[in-house]
Amino acid sequence: MKGNTRMEIKFYAPVDCEIQSVDKCSDPTFSQKMLGDGFLIKPQKGDFSLPFDRAQVVMVFNTKHAYGLDINGLGILIHCGLETVSLEGKPFKTTLISNQKILLGEKMFDVDLKYLTEKNISSETPIVFDKQVKIKDFKEGNYKKGQFVCSVELLEKVDEIKIETIDDFFSVKNKYEKVAFEINKLVGSKVNYKEVYNCMTRLRFTIIDKSLVNEKELLALDIVKQIVWNGNELQIIIGQDVFKVREEISSQNQFISSVVSSKERKSIAESFFQMVGATMVRTIPIMTGTGIVQALIAILVLCKVMPNIVTSQVAGSGSISLFDPNLNVGWVVLFVIGRTAGFFTGIAIAYTAAEYFKLNPVLGIGIGIIMCAPIIFLDGGQNGIGYEKVWWDLGTLNTQNIPFNGITKIFRIVPLGTKFLVIIPIIYIGQKVDQWVRKWMPISLDLLFRPFIVFLVPSIIGFFLFTPMWNVIEALLGSLFFYLAKAPFGIGVGLAVGLWQVCVIFGVHGPLSILGQIEYIANRGWGYLFIAASLSVWAQLGALIGVAIITKNSVLKKQAWGMVPMGILGITEPILYGINLPKKRPLYAGIIAAFIAGALCNWLKVSGRLTTGMGIFAILGYFSEPPFGGVAPLGTLPNGLFFILTAFVALGLGIFITLLIFKERIDESTLVNKITKKLMNKIFKNKDLDKDVANEISNILKHLNKIYSADEMKFLKEQEKEIQKYLKISTKINNRIEKNDALIEKLFAKGKKAIQNQKTEIALEIKAKIDELSNIDLSAQEVEKDQQRNKIDFEGIIKLRNEKEKLIKKTLDLIKNTQDIDLSIYVQQYNESINSLLQNYGL
1 MKGNTRMEIK FYAPVDCEIQ SVDKCSDPTF SQKMLGDGFL IKPQKGDFSL PFDRAQVVMV
61 FNTKHAYGLD INGLGILIHC GLETVSLEGK PFKTTLISNQ KILLGEKMFD VDLKYLTEKN
121 ISSETPIVFD KQVKIKDFKE GNYKKGQFVC SVELLEKVDE IKIETIDDFF SVKNKYEKVA
181 FEINKLVGSK VNYKEVYNCM TRLRFTIIDK SLVNEKELLA LDIVKQIVWN GNELQIIIGQ
241 DVFKVREEIS SQNQFISSVV SSKERKSIAE SFFQMVGATM VRTIPIMTGT GIVQALIAIL
301 VLCKVMPNIV TSQVAGSGSI SLFDPNLNVG WVVLFVIGRT AGFFTGIAIA YTAAEYFKLN
361 PVLGIGIGII MCAPIIFLDG GQNGIGYEKV WWDLGTLNTQ NIPFNGITKI FRIVPLGTKF
421 LVIIPIIYIG QKVDQWVRKW MPISLDLLFR PFIVFLVPSI IGFFLFTPMW NVIEALLGSL
481 FFYLAKAPFG IGVGLAVGLW QVCVIFGVHG PLSILGQIEY IANRGWGYLF IAASLSVWAQ
541 LGALIGVAII TKNSVLKKQA WGMVPMGILG ITEPILYGIN LPKKRPLYAG IIAAFIAGAL
601 CNWLKVSGRL TTGMGIFAIL GYFSEPPFGG VAPLGTLPNG LFFILTAFVA LGLGIFITLL
661 IFKERIDEST LVNKITKKLM NKIFKNKDLD KDVANEISNI LKHLNKIYSA DEMKFLKEQE
721 KEIQKYLKIS TKINNRIEKN DALIEKLFAK GKKAIQNQKT EIALEIKAKI DELSNIDLSA
781 QEVEKDQQRN KIDFEGIIKL RNEKEKLIKK TLDLIKNTQD IDLSIYVQQY NESINSLLQN
841 YGL
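Taking our numbering, the leading residue of the sequence shown gets 1, the next gets one more, and so forth.
1. From Lys2 to Leu35, what distance separates their C-alpha atoms?
2. Is it a yes or a no for the stretch 101–118 touching the stretch 43–61, going by three-plus beta-carbon pairs under 8 Å?
3. Just the Cα atoms here: how many angstroms apart are Phe255 and Tyr197?
4. Is Glu83 buried or exposed, if buried means 16 or more other CB atoms sit within 10 Å of its CB?
5. Could you tell me the boundaries of the alpha helix (DSSP H) in which Gln781 lies?
6. Could one say the Cβ of Val228 lies closer than 8 Å to chain E's Cβ atoms, at least one of them?
7. Can the beta-carbon of Gly640 be found closer than 8 Å to that of Phe617?
8. Taking the DSSP output, what are the residues bridged to Tyr846?
9. Name the two residues that bound the continuous alpha helix (DSSP H) containing Asn120.
10. Thinking C-alpha only, which one of Gly188, Ala180, Asn192 and Gln400 is nearest Asp222?
11. Does Gln400 come out as helix, strand or coil in the three-state DSSP assignment?
12. Across which residues does DSSP place Val390 in a beta bridge pair?
13. Can you tell me which of the three DSSP states Arg585 falls into?
14. Identify which residue in Glu745, Asn699 and Asp777 has its Cα closest to the Cα of Ile815.
15. May I have the straight-line CA-CA distance separating Thr396 from Gly406, to the nearest angstrom?
16. With DSSP collapsed to three states, give me the class of Glu18.
17. Any idea if Leu764 is buried or exposed, counting beta-carbon neighbours within 10 angstroms, 16 or more meaning buried?
18. With distances taken Cα to Cα, identify the nearest neighbour of Arg204 among Leu50, Leu234 and Tyr520.
19. Taking buried to mean at least 16 other C-beta atoms within 10 Å of its own C-beta, is Asp446 buried or exposed?
20. Report the rounded CA-to-CA distance for Ser21 versus Arg282, giving the unit in angstroms.
21. Answer with buried or exposed for Thr125, where buried requires no fewer than 16 other C-beta atoms within 10 angstroms of its C-beta.
22. Quick one: what's Cys150 bridged to in DSSP?
23. So, helix, strand or coil for Val58, using DSSP?
24. Work out the CA separation of Leu747 and Ile770 for me, nearest whole Å.
25. Please go through the same chain and pick out, in chain order, the residues whose beta-carbon is closer than 6 Å to the beta-carbon of Gly494, but skip the five residues on each side of it.
26. Give the C-beta separation of Val457 and Val422 to the nearest angstrom, bearing in mind that I take them to be a contact with Cβ-Cβ under 8 Å.
27. Have a look at the DSSP bridge pairing and note the partners of Leu40.
28. Under 8 Å Cβ to Cβ from Leu659, same chain only, skipping five residues before and after it: list those, please.
29. In chain order, what are the residue ranges of uninterrupted alpha helix (DSSP H) at least 4 long that sit wholly in the stretch 690–727?
30. With DSSP as the reference, identify every bridge partner of Gln861, one or two as the case may be.
31. Between which two residues does the alpha helix (DSSP H) carrying Tyr351 extend?
32. Use the C-beta contact count for Ala710: other C-beta atoms within 10 angstroms, 16 or more gives buried, fewer gives exposed.
33. Which residues does DSSP pair with Phe109 in a beta bridge?
34. Quick one: using the 10 Å Cβ neighbour count with 16 as the cut-off for buried, is Asp866 buried or exposed?
35. Where does the unbroken beta strand (DSSP E) through Val133 begin, and where does it stop?
36. For Val172 and Glu745, I'd like the C-alpha separation in whole angstroms.
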């Protein structure tokens, strides 16, 4: 058991603000210290940074208004604004994620204080500690961001987990299970509330019958700090453990409620893409799993290990029929594993769509089997994807645009196993038919005749209405892709590849993905646009590596290198949102690199084929034949090798262009000049502006172009170098801690295994090593870090910033006297510009 811990931490101002004791807070939950002692921040600006030397993020509330931190077992809650949960995160911006470790001065979040004022919501920000602390030498008053405020000493005995034996040490049980069960029981059980959710500190129930809630017993629970009623909503104040408690309650109830449910009406497009996403995402394992099997087959065929198997009865030169009696049964099984699931993915989509539309999944599967029409396959047909039956032939076209020629053959029956956008509406019709039949069908006939009608009606509509409609879409879009692919130098596909990651940023890559899928399906398993997602990844990864190579910001360098493995695996969102987009120029470099690589890829006639995963795993799919019998421009080997070549081009160009155009930060003088130019353009757009007034405004604003002297710019550059040195030392310390924590985690896993195998002596040895690692001494490095921090002239930087802020305000006030114009957005931009140094390094 741990004894009394006299840990002391330093507290700095997280933002320009007034700091008071937390008992001055307007919310009694905080002022009465139900959640612990602490501070009340009254922010004057909205850029919050970490106010401690280091901490680990343990929770980021999804509306971004509250954050849980941990410092060596001391829990800390930062809650920006009062009742800001109702704003659904709109005024907040953050890149923090759970389990992230951050250092003093690093950016935590931004809040739009003006927005809070407009919504009449208090910006008061309590910072409270979950254990007993002593706040030493604290003086209320105004503080500048990063300024030392006081020390906080941990007094409380840390005995939350009592270790009686070595078995207990490695076998701590979930303490929330019992708590969740008790709370659930005391609020009247699941039947007495409509929903349960939580904010950062409170467990909230929408109660049906208040009389069933046992308030006295709830307050007797150790974990419960207080209870509050707001109409029929019961708020149980718990603290940071509220997330774990809510998860356990949800798990026990077998349902999860959203913290904030959006009541906004979705557009048709939003609903469509949400529906497609909800049904398609769950079938990804089928595509990637069997895709890798097919890629393996392609490699085995390339290496002459496995024969090239075809589904037709008569095999061409260099191939063997699946039905050849001399074919090795092992190859048959491998071929079946790789091909079958892809041909019948429609059945899986029918199942997920049935769940989405609330149709009995068994009925959905039945419709899916019918629409995939296994009977049409027989020997697989000429292309291995089944046979077709034209029931109304509109004639024959012989244009050079081969996809468009199919417009005369739209009235044909085809198996729909790969055409998910046809399966989904058919299942929707099935749900509506099922709903309609339920209303009038007698119970005695329901089991027999309702499935009959549900199978018959949607299937007929699917084959005779939705299938021809889909065939039209395929023919028209296929003809468009025909011309797109023929654009000179491959620029059509280059644009698609270049813009793909931009679409990812704005969440609109769904439509582009669907267009690629349509081309892919129309070509029977290959498409030029199908390369966009996999190729664009390497360009943005290259840009990220370029940042990691060139930056002098140790924190940024560490973040960049840390994200490289994610990029190799094809996960770009952290790269885009964390570094490339905020830094802008790396994003531009990635877009340019992707465009060039995409154009080259199309010029070489490389096509996407199988989905074998993301990132490096996607490469396997380019070495395969089109899975549904299509004939692609290139063979398997050149297609795969050329894709690897273009991926290296995208990666290399991303690095090279970033190294050319990257700037650690744009200096204050340049930023101010850019904003001034934008302001002048806005003002001079007014055609009714008097000439003399225009000249007067121009002369006023010209003063801002020389707002910084050469000596002042030199001072800022010198300070930037000192900040870089400070961050380098901080990063080294943080790396050491992380490495130490990783070792402890590995040892802990070994200790658990030793206990399970009843090897007590080994477990004791491991515990001794853990104890040794837990007492790591970094005092010398901390002294070095503090000495370097003292070399940074924060007072001088802030003083210079304040001087420029006053000068800009004075200038803009003169503009207001001549023009009735809202300058608030420019005031904000100017303030961000003159604070560029500290903002860029998260200080």
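Built from N, CA and C at the ideal position, the CB exists for glycine as well.
Walking through what the data contain:
1. Within the sequence shown, numbered from 1, the residue matching residue 2 stands at position 2. Within the sequence shown, numbered from 1, the residue matching residue 35 stands at position 35. Note that Lys2 scores a pLDDT of 39, beneath 50, so its modelled location is shaky and nothing firm can be said.
2. yes
3. If you number the sequence shown from 1, residue 255 lands on position 255. If you number the sequence shown from 1, residue 197 lands on position 197. Confidence in Phe255 is poor, its pLDDT being 35 and thus under 50, which makes the residue's placement too unreliable to answer from.
4. Numbered from 1 along the sequence shown, position 83 holds the residue referred to as residue 83. Under this definition Glu83 is an exposed residue.
5. Your numbering for residue 781 matches position 781 in the sequence shown. Element bounds for Gln781: Ser779 to Asn790.
6. This model lacks chain E altogether; it includes just one protein chain.
7. The residue given as residue 640 occupies position 640 in the sequence shown. The residue given as residue 617 occupies position 617 in the sequence shown. Their beta carbons are not under 8 Å apart, which means Gly640 does not touch Phe617 by this criterion.
8. Absent from the model: residue 846. The displayed extent of the chain is 1 to 843, so no value can be given.
9. Stepping through the sequence shown from its first residue, residue 120 is reached at position 120. Element bounds for Asn120: n/a, residue is neither H nor E.
10. Locating residue 222 in the sequence shown gives position 222, where the first residue counts as 1. Nearest C-alpha to Asp222: Ala180.
11. Taking the first residue of the sequence shown as 1, we reach residue 400 at position 400. Residue state, collapsed to three classes: coil.
12. Indexing the sequence shown from 1 puts residue 390 at position 390. Beta-bridge pairing links Val390 to Arg412.
13. Locating residue 585 in the sequence shown gives position 585, counting from the first residue. In the structure shown, the three-state DSSP call for Arg585 is helix.
14. Residue 815 sits at position 815 when you count from the first residue of the sequence shown. Measuring from the Cα of Ile815, the nearest candidate turns out to be Asn699.
15. Position 396 of the sequence shown holds residue 396. Position 406 of the sequence shown holds residue 406. For Thr396 and Gly406, the distance between alpha carbons rounds to 8 Å.
16. As a first step, residue 18 is located in the sequence shown; it is residue number 18 there, counting from the start. Looking at Glu18 - three-state DSSP - the assignment turns out to be strand.
17. Position 764 of the sequence shown, counted from the first residue, corresponds to residue 764. Exposed, by the Cβ-count rule.
18. For the purposes of this step, residue 204 is identified with residue 204 of the sequence shown, where counting begins at 1. Minimum Cα distance to Arg204 is reached at Leu234.
19. Reading the sequence shown from its first residue, position 446 is the one you call residue 446. Asp446 should be labelled exposed.
20. For this step, residue 21 is matched to residue 21 along the sequence shown. For this step, residue 282 is matched to residue 282 along the sequence shown. Computed Cα separation, rounded: 50 Å.
21. By one-based count along the sequence shown, residue 125 stands at place 125. It counts as buried.
22. Numbered from 1 along the sequence shown, position 150 holds the residue referred to as residue 150. DSSP, once it has assigned bridges, lists Phe11 as partnering Cys150.
23. Indexing the sequence shown from 1 puts residue 58 at position 58. Of the three classes helix, strand and coil, the one that applies to Val58 here is strand, per DSSP.
24. Within the sequence shown, numbered from 1, the residue matching residue 770 stands at position 770. Within the sequence shown, numbered from 1, the residue matching residue 747 stands at position 747. Each residue's Cα considered, the two are about 7 Å apart.
25. Residue 494 sits at position 494 when you count from the first residue of the sequence shown. Phe595, Gly598 and Ala599, listed in sequence order.
26. The residue you call residue 457 lines up with position 457 of the sequence shown. The residue you call residue 422 lines up with position 422 of the sequence shown. Contact flag wrong, Cβ pair sits at about 16 Å.
27. Locating residue 40 in the sequence shown gives position 40, where the first residue counts as 1. According to DSSP, Leu40 shares a beta bridge with Gln20 and Pro126.
28. If you number the sequence shown from 1, residue 659 lands on position 659. Once the five neighbours on either side are set aside, the close Cβ partners of Leu659 are Gly546, Ile549 and Ile550.
29. 691–702
30. Past the boundaries of the shown model lies residue 861; the chain is included only from 1 to 843, so the question cannot be answered.
31. For the purposes of this step, residue 351 is taken as the residue at position 351 of the sequence shown. It spans Thr345 to Phe357 - the alpha helix (DSSP H) in which Tyr351 sits, taken as one unbroken run.
32. Against the sequence shown, residue 710 aligns to sequence position 710. Ala710 should be labelled exposed.
33. Here residue 109 corresponds to residue number 109 of the sequence shown, with the count starting at 1. In DSSP, Phe109 forms a bridge with Phe48.
34. Look at the range of the chain in this structure, 1 to 843, and you will see that residue 866 is not part of it.
35. Taking the sequence shown and counting its residues from 1, one reaches residue 133 at position 133. Element bounds for Val133: Val133 to Lys136.
36. Here residue 172 refers to the residue found at position 172 when the sequence shown is read from its first residue. Here residue 745 refers to the residue found at position 745 when the sequence shown is read from its first residue. For Val172, the predicted structure reports a pLDDT of 41, less than 50, and the residue's modelled location is therefore unreliable. A value from the coordinates is still provided. Between Val172 and Glu745, the C-alpha separation is close to 14 Å.
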